[in-house]
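A.B. asks:
Number of protein chains: 2
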Amino acid sequence: MRYRDENKIQAIRECAIEMVAKDGLENFGINRLAKAAGVSPATIYIYYKDKEDLLTSISIEEGIKMTQATLKDFDPKMSFKEGLWVQWKNRAAFALDNHLSANFFEQLRNSTYKDKMMETITHEFRRAMGDYVHNAVTRGEIDEMPLEVYWSVAFAPLYSLIKFHNEGQSLGGRKFKFSEKIMKETFDCVVKGLMK
Amino acid sequence: MRYRDENKIQAIRECAIEMVAKDGLENFGINRLAKAAGVSPATIYIYYKDKEDLLTSISIEEGIKMTQATLKDFDPKMSFKEGLWVQWKNRAAFALDNHLSANFFEQLRNSTYKDKMMETITHEFRRAMGDYVHNAVTRGEIDEMPLEVYWSVAFAPLYSLIKFHNEGQSLGGRKFKFSEKIMKETFDCVVKGLMK
DNA sequence: AAGATAAGTGAGCGATTGCTCATTTTAAAA
DNA sequence: TTTTAAAATGAGCAATCGCTCACTTATCTT
């Protein structure tokens, strides 16, 4: 027997993330990836069934990493405001530290691969958020609402800010820069809207 | 001389939008497009310099249509709350009526083509929003904030809701359905957070 | 040392990619 | 009617695509 070379599989994963993030999902290809990772195209098919399997598998792994990072020091029994703030800080820190992963994930989430990848992620999310949101409702901190509405109000603004920052986009004349101060102000705004 | 056949160029545009929306940007190709639109591949290059020019041109056109639709019956002199509500209703109606366009636009906005397309769109947006937001600030309805923060809080939640609806995604067990009632509730939540 | 088994490879398959060019078609201008 | 010039075409180019296979290499068990 011969054991799998963990350096190889890791090189494949990291190169795939970097390529998609930098050149775009539409320019991602197996032959390119093999060359970039320094392996044979055939080697990739030892680890992944096909191109779709590779992309969805990696995006699920990254999604789980992101979810776990977001939930660091988080406890479902926290007050609503404190709990959401912990998640915002964690999520922002992860996106800044791993902006290739974050970009990769965001591209997959807006592609035809989204269905397969989001199954696992949303299940993970729901398991983690269910109790916390329910507690906040029963404590009378927030109104009951569909989880999709909650996500849209509580997280979409943060994701948007991170995107503006990471992609160097700008609506004003000067380039937008993320900062803890801006994040806190935006957070206060969102929490004020959500809480009774 | 021979005149350009407007049916042809329109067929090219509409098929491109449909193909990207349904099969994904990563599966979009010129030869496919030509076959779907019933024209020769070479014909496409009469109207567009290359694949990138085609995608960015169409996305800019659709973006401008979307912006104009969003600003229907909108007046920069409106009160903050009324003005934002008009835009939410318009934007949601457009996305439901033209969900292929909306999906196409969203995919381009999350791809490597985003830089080229967003230049024009954000300029249009800034021209339209500048006065309105400024008025709201001087009237003391909202605090001053970077345009990116404003956009993230005021619009990102709506875009997220529309995506949940159009793409049939779901966080809860049952499928999420958009409705005027849910939109209004979400809107109230957002406005409460933004206004003093 | 020999045998077994899975990891890993490089060449290359058929299909498809973005794009071009020699040619034909069309309709206005002369 | 003839000329003219742009619109439109279909065949097909070089390059690349996703993927496979016959084969070599490494490391375990016997």
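Here the protein sequences line up with chains A and B, keeping their order.
Using the numbering used here, you'd call the opening residue of the first sequence number 508 and step up by one each time.
Using the numbering used here, you'd call the opening residue of the second sequence number 508 and step up by one each time.
Positions of the beta carbon are idealized from the N, C-alpha and C atoms, including for glycine.
No experiment lies behind these values; they were computed from the predicted model shown.
(1) Helix, strand or coil for B/M636, going by three-state DSSP, please let me know.
(2) Less than 8 Å between the beta carbons of B/F685 and B/S677, yes or no?
(3) Rank A/D650, A/S618, A/T574 by C-alpha distance to the C-alpha of B/K670 and give the top, closest one.
(4) Kindly say whether A/E655, judged by its beta-carbon, lies nearer than 8 Å to any beta-carbon of chain B.
(5) I'd like the ranges of any alpha helix (DSSP H) spanning at least 4 consecutive residues and lying wholly in the segment 588-664 of chain B.
(6) Does the beta carbon of A/T693 sit closer than 8 Å to a beta carbon anywhere in chain B?
(7) When the Cα of B/K529 is compared with those of B/H606, B/M624, B/L591, which residue comes out closest?
(8) Please decide whether A/A663 counts as near chain B, where near means a Cβ-Cβ distance under 8 Å.
(9) Can you tell me the Cα-Cα spacing of A/V640 and A/N597, whole angstroms?
(10) How about A/K703 and A/G647: are their beta carbons less than 8 Å apart?
(11) Short of 9 Å Cβ to Cβ, which residues in the segment 600-621 of chain A face chain B?
(12) If B/Y657 and B/L562 are in contact, beta carbons under 8 Å, what's the gap, nearest whole angstrom?
(13) Comparing alpha-carbon positions, which option in A/G536, A/G545, A/T550, A/H630 lies nearest A/I567?
(14) Where does the unbroken alpha helix (DSSP H) through B/P548 begin, and where does it stop?
(15) Write down the C-beta distance between A/G545 and A/A523 rounded to the nearest angstrom, noting that I regard them as a contact closer than 8 Å.
(16) Excluding sequence positions up to five away, which residues of its chain have a Cβ less than 7 Å from the Cβ of A/V527?
(17) Does the beta-carbon of B/S659 have 16 or more other beta-carbons within 10 angstroms, so that it is buried, or is it exposed?
(18) Which residues does DSSP list as the beta-bridge partners of A/M508?
(19) Look at the alpha carbon of A/R714 and the alpha carbon of A/S667, and state the distance between them as a whole number of angstroms.
(20) Check A/M702 in the structure and name its three-state DSSP category.
(21) Would a check of beta-carbon distances place A/D530 closer than 8 Å to chain B?
(22) Is A/I551 near A/A543, with beta carbons less than 8 Å apart?
(23) What first and last residue would you give for the alpha helix (DSSP H) that runs through A/L578?
(24) So, at 7 Å on beta carbons, what are the nonlocal neighbours of A/D638 in its own chain, with the 5 sequence-adjacent residues on each side left out?
(25) Whose C-alpha, out of A/I649, A/K688, A/E674, A/V697, is nearest the C-alpha of A/S586?
(26) On the premise that B/G570 lies in contact with B/I628, defined as a C-beta separation below 8 Å, what is that separation, rounded to the nearest angstrom?
(27) Using a Cβ-Cβ cutoff of 7 Å, what residues of the segment 576-598 of chain A are near chain B? List them in chain order.
(28) Helix, strand or coil: how does DSSP classify B/M526 here?
(29) Could you list the residues in the segment 557-570 of chain A with a C-beta less than 8 Å from some C-beta on chain B, going in chain order?
(30) With a threshold of 8 Å between beta carbons, is B/R509 in contact with chain A?
(31) Report all residues from its chain with a CB closer than 8 Å to the CB of A/D580; omit the five preceding and five following residues, and keep chain order.
(32) Starting from A/L540, follow the alpha helix (DSSP H) in both directions and report where the run begins and ends.
(33) Taking B/P548 as the reference, give the member of B/L591, B/K515, B/A663, B/P664 with the closest Cα.
(34) On the three-state DSSP scale, how would you describe A/Q517?
C.D. replies: Put simply:
(1) Helix.
(2) Judged by beta-carbon spacing, B/S677 lies beyond the 8 Å limit of B/F685, meaning their Cβ atoms are not closer than that value.
(3) Comparing alpha-carbon positions, the option among A/D650, A/S618, A/T574 lying closest to B/K670 turns out to be A/S618.
(4) Cβ-Cβ to chain B under 8 Å: yes for A/E655.
(5) Those alpha helix (DSSP H) runs which fall completely within the segment 588-664 of chain B and span 4+ residues are 606-616, 621-645, 654-661.
(6) Yes, contact with chain B.
(7) For B/K529, the nearest C-alpha among the options comes from B/H606.
(8) Residue-level contact check: A/A663 touches chain B, since one or more beta carbons of chain B fall below 8 Å from its beta carbon.
(9) Using only the alpha carbons, I get a separation of about 18 Å.
(10) Yes, Cβ-Cβ distance for A/K703 and A/G647 is below 8 Å.
(11) For the segment 600-621 of chain A, the set of residues with a beta-carbon nearer than 9 Å to any beta-carbon of chain B comprises E613, Q614, R616, N617, S618, T619, Y620, K621, in chain order.
(12) Contact flag wrong, Cβ pair sits at about 28 Å.
(13) Cα-wise, what sits closest to A/I567 is A/H630.
(14) Run containing B/P548: 548-554, per the alpha helix (DSSP H) assignment.
(15) Their Cβ separation, rounded to whole angstroms, is 13 Å, which puts A/G545 and A/A523 out of contact at 8 Å.
(16) Around A/V527: F535, F611, Q614.
(17) Burial call: buried.
(18) Note: A/M508 sits in no beta bridge, so no partner.
(19) This structure cannot speak to residue 714 of chain A, because chain A is shown only from 508 to 703.
(20) Note: A/M702 maps to strand in three-state DSSP.
(21) Answer yes: the Cβ-Cβ gap between A/D530 and chain B drops below 8 Å somewhere.
(22) For the 8 Å CB-CB criterion, A/I551 and A/A543 do not form a contact.
(23) No residue range can be given for A/L578, since it is assigned to no alpha helix (DSSP H) and is classified by DSSP as neither H nor E.
(24) Excluding positions up to five away in sequence, the list reads P583.
(25) Put simply, of A/I649, A/K688, A/E674, A/V697 the residue whose alpha carbon is nearest the alpha carbon of A/S586 is A/I649.
(26) About 4 Å; that satisfies the 8 Å criterion.
(27) Across the segment 576-598 of chain A, no CB contact with chain B closer than 7 Å is found for any residue.
(28) In this structure, B/M526 counts as helix in the three-state DSSP scheme.
(29) So the list is empty, because no residue satisfies the distance condition.
(30) At a cut-off of 8 Å between C-beta atoms, B/R509 does not count as an interface residue with respect to chain A.
(31) Excluding sequence neighbours, A/D580 sits near V593, N597.
(32) DSSP places A/L540 inside the alpha helix (DSSP H), whose first and last residues are 537-544.
(33) Comparing Cα positions, the closest option is B/K515.
(34) Residue state for A/Q517 is assigned as helix, using DSSP reduced to three classes.
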